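For reference, the structure discussed in these notes is given below.
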Amino acid sequence: MLTKPMDGANHSAVSEFVFLGLTDSWDIQLLLLVFSSTLYVASMMGNSLIMLTVTSDPHLHSPMYFLLANLSITDLGISSAMSPKMIYDLLRKHKVISFSGCITQIFFTHVIGGVEMVLLIAMAFDRYVAICKPLHYLSIMSPRMCIFFLVAAWMTGLIHSTVQLAFVVNLPFCGPNVLDSFYCDLPGFIKLACTDTYRLEFMVIVNSGFMSIGVFFILIVSYIIIILTVQKHSSTGSSKALSTLSAHITVVVLFFGPFIFFYIWPSPSTHLDKFLAIFDAVLTPFLNPIIYTFRNKEMKVAMRRVCRQLLHYRKIS
3 MLTKPMDGAN
13 HSAVSEFVFL
23 GLTDSWDIQL
33 LLLVFSSTLY
43 VASMMGNSLI
53 MLTVTSDPHL
63 HSPMYFLLAN
73 LSITDLGISS
83 AMSPKMIYDL
93 LRKHKVISFS
103 GCITQIFFTH
113 VIGGVEMVLL
123 IAMAFDRYVA
133 ICKPLHYLSI
143 MSPRMCIFFL
153 VAAWMTGLIH
163 STVQLAFVVN
173 LPFCGPNVLD
183 SFYCDLPGFI
193 KLACTDTYRL
203 EFMVIVNSGF
213 MSIGVFFILI
223 VSYIIIILTV
233 QKHSSTGSSK
243 ALSTLSAHIT
253 VVVLFFGPFI
263 FFYIWPSPST
273 HLDKFLAIFD
283 AVLTPFLNPI
293 IYTFRNKEMK
303 VAMRRVCRQL
313 LHYRKIS
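So for the sequence shown, the numbering used here puts the first residue at 3; every next one is plus one.
Set out below in structure tokens:
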């Protein structure tokens with residue numbers, strides 16, 4: 003909605019933004035509603051189960067599972083920041099979000115994105131120490147180091163998101179107020195400002211795009227080094243280590259692929275943009291629990307034990 007001009011100015015203040023959504027077809031919207039709702043509920047249940055399992059099972063009180071539980075928290079956060087609004091709008095013809103709601107969504111998605119980047123680095127470091135320096139693992143990956151990684155992750159996410167929003171929150175918006183998307187993010191948000199935004203767009207590319215590429219490159223190089231080390235020192239635990247690493251690498255690619263495309267690709271396709279955004283909002287948080295537990299026998303056993311306990315408590319009550 004556009005308010006009336008103030009003080010005779012030539013522009014109006016935008017108080018809300020209109021989403022064009024995913025498609026104009028009602029049949030496809032219903033299909034997407036079922037698909038996204040199912041994946042959202044499944045991701046919430048899967049990530050919550052991982053957190054509950056790691057917290058309640060003493061066998062999983064190790065740095066690797068501590069970081070995995072915190073990764074599940076970020077998956078819950080990123081999914082909840084985007085999916086409920088998207089699912090709700092699939093039932094509406096007129097899809098709107100308030101200015102403050104748009105800013106809030108941008109803030110939380112970038113905070114959680116920054117947190118997840120650091121957690122993925124921490125998980126790569128954890129696997130490096132476990133495989134390349136096993137005798138020093140407990141001394142290096144101490145509880146203090148785990149807390150350090152967690153604090154560093156949240157500080158990075160908060161600083162990353164706050165710095166970006168500090169430059170864009172006071173931009174003048176006088177119309178149009180239509181976003182060809184189903185959620186708010188910085189590239190589309192900045193383009194609607196009625197002022198020259200070239201420098202701000204470049205800042206977003208540097209802050210989010212190059213940061214994503216830099217972290218992605220560091221992680222891939224780290225995992226290559228770890229894989230080479232595993233292959234050099236063949237042992238009974240090599241297949242297990244490679245299985246764990248393949249899960250980590252899969253998650254890294256799924257997480258960074260959409261981010262790099264959003265912020266670096268010179269001429270993004272709107273349809274591909276939306277597909278990757280759905281992938282990031284509902285599919286990746288759903289896949290992460292599956293990827294990390296599918297080949298992890300210890301986690302699967304612990305999850306079965308937790309589920310049996312929950313069923314037992316339910317029967318008693």
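The beta-carbon is built from N, C-alpha and C at its ideal position, and this holds for glycine as well. Just so you know, these numbers come straight off a predicted model, no measurement behind them.
Query	Result
Which of the three DSSP states is assigned to K299 in this structure?	helix
Can you name the start and end residues of the beta strand (DSSP E) that S100 belongs to?	97 to 100
Go ahead and label V180 buried or exposed: buried means 16 or more other beta carbons lie within 10 angstroms of its beta carbon, across all protein chains shown.	exposed
Run through the DSSP bridge pairs and tell me what F37 is partnered with.	Answer by DSSP bridge pairing: none, since F37 is not bridged.
What are the boundary residues of the beta strand (DSSP E) that V20 is part of?	18 to 21
Could you check what DSSP says for V180 in three-state terms: helix, strand or coil?	strand
If you check the beta carbons only, do D187 and F110 fall under 9 Å apart?	no
Anyone know if the C-beta pair for L247 and I228 falls short of 9 Å?	yes
Let's see if you can read the secondary structure: which residues bound the alpha helix (DSSP H) around K135?	Taken as a continuous stretch (DSSP letters only), K135 belongs to no alpha helix (DSSP H), as it is neither H nor E.
Identify, in the order they occur along the chain, each residue of the same chain with its Cβ nearer than 6 Å to the Cβ of M3, setting aside the five sequence neighbours on each side.	Low local confidence applies: a pLDDT of 45 at M3 is under 50, so the model's placement there is unreliable, with the coordinate-based value given in what follows. Hits under 6 Å: S17, E18.
Can you give the Cα-Cα distance for M125 and A304, rounded to whole angstroms?	20 Å
Note down the Cα distance separating M84 from V284, rounded to an integer number of angstroms.	8 Å
For F277, which option in D182, E300, T197 has the closest C-alpha, if you only look at C-alpha atoms?	D182
Please classify M143: does DSSP put it in a helix, a strand, or coil?	coil
Buried or exposed for S214, going by 16 or more other Cβ atoms inside 10 Å?	buried
Work out the CA separation of H96 and K6 for me, nearest whole Å.	With a pLDDT of only 39 at K6, under 50, the local geometry of the prediction cannot be trusted, and no value is derived from it.
So the alpha helix (DSSP H) T231 belongs to, where does it begin and stop?	213 to 234
Roughly how many angstroms lie between the CA atoms of Y200 and I207, to the nearest whole one?	11 Å
Please state whether DSSP places S14 in a helix, a strand or coil.	Low confidence applies here, because S14 scores a pLDDT of 46, under 50, leaving its location unreliable; read the following figure in that light. Coil, per DSSP.
For I251, tell me which candidate among A279, F261, F218 has the shortest Cα-Cα distance.	F218
To the nearest angstrom, how far is the alpha carbon of I293 from that of Y315?	28 Å
Only counting the same chain, and skipping five residues up and downstream in sequence, which positions put a Cβ closer than 7 Å to that of L202?	F169, V170, I192
Could you check whether A155 and V131 sit closer than 9 Å to each other, using their CB atoms as the reference points?	no
Please confirm whether G81 and I52 have their CB atoms less than 9 Å apart.	What sits at residue 81 in the sequence shown is Ser, not Gly. No; because the gap between Cβ atoms is not below 9 Å, this pair is not in contact.
Tell me, to the nearest whole angstrom, how far the beta carbon of N209 is from that of H273; I am working on the premise that it is less than 8 Å.	26 Å between Cβ atoms; not a contact.
Is G10 buried or exposed, if buried means 16 or more other CB atoms sit within 10 Å of its CB?	Its pLDDT being 38, under 50, G10 is placed unreliably in this model, and the value from its coordinates should be taken loosely. By the neighbour-count rule (16 or more Cβ atoms within 10 Å), G10 is not buried but exposed.
Are the C-beta atoms of G216 and some chain B residue less than 9 Å apart?	Annotation note: the requested chain B is absent from the structure, which comprises a single protein chain.
Return the CA-CA distance between Y139 and S100, expressed in angstroms with no decimal places.	49 Å
Within its chain, find whatever has a CB closer than 7 Å to the CB of M88; leave out the 5 residues flanking it on each side and keep chain order.	S38, F184, Y185, A283
Return the CA-CA distance between F21 and V98, expressed in angstroms with no decimal places.	6 Å
Helix, strand or coil for P287, going by three-state DSSP, please let me know.	helix
Return the CA-CA distance between T295 and F257, expressed in angstroms with no decimal places.	17 Å
What is the DSSP secondary structure of F204, reduced to helix, strand or coil?	helix
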